Amino acid sequence: MSTKRRMCSISLAAAIALVGETSARGQPAMAPVPTECATPGADGQPAVGFPNLVRAMNLRHRIVVLAIGSAVVGAGRPGGGYYRLVERFLESTFKGLDVVLVQRGFSGELARDGAERIRLEVARSSPDMVFWQVGTADAMAGIDPAETQEIVRSTIRWLHEHQIDVALIGLHYTPSLRDDPQYQAMRQAISDVARSEGVLRIRRYEVGETLDRLRRQPSDAIAATDLGSLGDACMAEHLARSLATGLFARRRPVDVDKPGSGAR
Amino acid sequence: MPRSANAVDFWRGVALVEIFVNHIPGNFWEHFTHKTLSQSDSAELFVFLAGWSLKHVVGPPEDPRPTRHLIMRLFLRAGTLYAAHMVIVMAAIALLAISSKLLDNPLLLEWFNASAVFTAPVEAHIGLVFLTYQLGYFDILPLYVVLLFASPFIALMHRHRPSMLLPISAAIWFVCLVGEITFPTWPTEGEWFFDPLCWQFDFVLGFLLARSTGPGPWIRANLVPIRWIALPIVVFAGWARWVGWEVDPTAAPEPHLLFVNDKSFLTPTRIGQFLLLVALASPLWAPLEKHLPTLTRALSLLGRNSLLVFCIGSLLALAAQILRFAIRGGIVSDTLIVACGLGIMFTTAAVADWWERQG
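Take a look at the structure:
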């Protein structure tokens, strides 16, 4: 493991430890964002809330999250894949909260196929929230951005109708695609649909771009780091923090029950 | 000498062409494969015909192949498939790595689920060997390998308890559907794209319907009324697919998988529609052979060299995806790419035939 990656993991672990400590005293708090991930990583706050996540947390002290998109390598990574970091972060931040993560990622899956599978997986695992990595495969396969946007929009609406919150995880960053019109159009399409539907979008591209800029500075130790892995760690960091912030803001007793929840 | 054109090789050739075209997602010609108007696709056909071919290995009821030979032959075939899968996966990883370097784009690795090979190589190689780690679009052969390793047990069960094979296969399929039982992936977190425990049902149905005893003869004797029943259902299913109408899985009764369309678990909707489609399409062979002999001979050529063509086709489809990404073309480039790919597949099959004739 590279020095910087280790630092990132350590800082995240320290953040988790710190949050756990304060939570134990009944006053939840979050540690500062690790330096490497300091770029704004999410769109949507403070307007984005997670009513279904809050409801599940208050009623059951248990939230079920469905992850769709690229397959995630869990083994061989400290603490598992990046979604596991999110899981641990939330469980440490909210004492007594059980976060159930259902991973159903298939790399290379287009939005149209992912959308079909989301509907099925919702029936299978009754999630309170969906993390959807979307756009990269469509952009690589040359799908019309308007077509992908419409699929994402209708899927978000379907999920909201079924009382499920959504976080979109945007396109990956790689320097060679900075000037690729198809890729940038897809990126814009995902950003637009997230904004118009009022859902959280993790700005994976922007995070990657910042990390790449830091890496190009000769004196910076980040130069030796695997950009993809660090980007994933930062993405997890931003995702976890966005969720935690939304949950802190909205945490209150609710009077509406949600039937049929709970992973099987 | 290579065998002459026949219906099974012809339909297998159709499946191979469709798998190749469908494995280049987003290409123009993808809309012209039968999945556009069907709840099932070429994967069901490919696995069904694999089961159908098992009858040739088992031998006819009046002259069955000796048990020891049968078992050895099936395990050897499974081993050959496993080796073929390993070779094309390694070639695919190399192709992705080279393309990633040439195009200066590490996303190519992520796109096809190959990143674990480079970021977690120890775990990824263990996963590759045990088939728990599969590259994107390289997930049919692992299913096929598992089915072939299971095929000696299927053949022996049929030999000694023929009436039990279908109920047992159906029971395993049903239990796995209801219990959502499947194989996990590792080191990537998730599930196999094709659940072998469910897809064995398609394989066993292919085997049983091919036989001259059991349910096959009864179905062949009643094909006309079956086709009359099948026609409106297949038309309705085609219409539903075309307009995008489907049952909301959350509104379906539990267990959900019994009432929705899902490829991974081969749900009843898929296998049922597929079998009805087979009933409707099966009489097409005779007129096609009569009026379009060049087409039937060409597709049969692919079908009788299926493993080689499948392997070449898988790598060509991967190369085609990368090429489409690199050149960002349209209908013209899609047509050229698909035509070149099919041309290479046909040439490969023709060379294999020629080689067999030399031997």
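Just so you know, the sequences run in chain order B and P. Each residue of the first sequence is one higher than the last, beginning at 755 in the working numbering. Each residue of the second sequence is one higher than the last, beginning at -14 in the working numbering. No residue lacks a Cβ here, since even glycine has one placed at the ideal position from N, Cα and C. Remember, predicted model here, so these are calculated numbers, not experimental data.
Proline 46 of chain P sits exposed, since fewer than 16 C-beta atoms from the chains shown fall within 10 Å of its C-beta.
Under the DSSP assignment, glutamate 15 of chain P falls outside any alpha helix (DSSP H); it carries neither an H nor an E label. CA-CA distance, leucine 55 of chain P to valine 920 of chain B, rounds to 53 Å. In terms of Cβ geometry, isoleucine 944 of chain B and glycine 924 of chain B form a close pair [threshold 9 Å]. Contact annotation: in the segment 75 to 91 of chain P, residues whose CB is within less than 9 Å of a CB in chain B are Leu88, Asp89, Asn90, Pro91. Between valine 323 of chain P and leucine 1 of chain P the beta-carbon gap is near 13 Å, outside 8 Å, which marks them as no contact.
Inclusion of serine 908 of chain B and serine 861 of chain B in the CB contact set at 9 Å is not warranted, their separation being larger than that value. Identification of residues in the segment 309 to 326 of chain P having a C-beta nearer than 7 Å to some C-beta of chain B yields Arg309, Phe310, Arg313, given in sequence order. Going by DSSP, methionine 330 of chain P is part of the alpha helix (DSSP H) stretching over 316 to 343. For phenylalanine 192 of chain P, none of the residues of chain B pass the 7 Å Cβ criterion, the least Cβ distance being about 29 Å. If you check each beta-carbon in the segment 865 to 880 of chain B against every beta-carbon of chain P, the ones closer than 7 Å belong to Arg873, Leu874, Val876, Ala877, Arg878.
By DSSP's assignment, glycine 229 of chain P forms no beta bridge with any residue. Within chain P, Asn90, Leu92 have C-beta atoms less than 8 Å from the C-beta of leucine 931 of chain B, given in sequence order. The Cβ atoms of valine 819 of chain B and valine 876 of chain B lie no closer than 9 Å to each other. Between the segment 59 to 69 of chain P and the segment 126 to 140 of chain P, the count of Cβ pairs shorter than 8 Å is three or higher; the stretches touch. Contacts with chain P at 9 Å (Cβ-Cβ) do not include tyrosine 959 of chain B. DSSP places leucine 820 of chain B in the uninterrupted beta strand (DSSP E) bounded by 816 to 822.
Residue state for glutamine 119 of chain P is assigned as coil, using DSSP reduced to three classes.
Contact note: arginine 858 of chain B reaches chain P through Gly175, Glu176, using a C-beta cutoff of 8 Å and chain order. Here phenylalanine 178 of chain P carries a coil assignment [DSSP, helix/strand/coil].
Three or more pairs of CB atoms, one per stretch, sit closer than 8 Å, so the segment 115 to 126 of chain P contacts the segment 96 to 106 of chain P.
In the structure shown, the three-state DSSP call for leucine 855 of chain B is strand. Beta-bridge analysis with DSSP links proline 169 of chain P to P:Glu176.
A direct Cα-to-Cα measurement between alanine 810 of chain B and proline 238 of chain P gives close to 23 Å. At least 9 Å separates the CB of alanine 900 of chain B from every CB of chain P.
In this structure, leucine 80 of chain P lies near leucine 303 of chain P, with their beta-carbon atoms less than 9 Å apart.
Methionine 883 of chain B is bridged by DSSP to B:Val819, B:Asp919.
Straight-line spacing of the CA atoms in alanine 283 of chain P and aspartate 26 of chain P works out to 21 Å.
For histidine 916 of chain B, the chain P residues whose C-beta falls within less than 7 Å of its own C-beta are Thr235, listed in chain order. Under a criterion of Cβ atoms nearer than 7 Å, no residue of chain P is adjacent to isoleucine 910 of chain B; the nearest Cβ is some 16 Å distant. In this structure the segment 10 to 23 of chain P touches the segment 881 to 899 of chain B; the number of beta carbon pairs closer than 8 Å is three or more. Taken through DSSP and simplified to helix, strand or coil, valine 245 of chain P comes out as coil.
Leucine 132 of chain P places its beta carbon less than 9 Å from that of proline 181 of chain P. Taking a contact to require three or more Cβ pairs closer than 8 Å, the segment 863 to 883 of chain B and the segment -11 to -2 of chain P do not qualify as touching. Within the segment 64 to 134 of chain P, the complete alpha helix (DSSP H) segments at least 4 residues long are 92 to 96, 100 to 104, 106 to 114, listed from N- to C-terminus. Histidine 8 of chain P: not part of any alpha helix (DSSP H); DSSP gives it neither H nor E.
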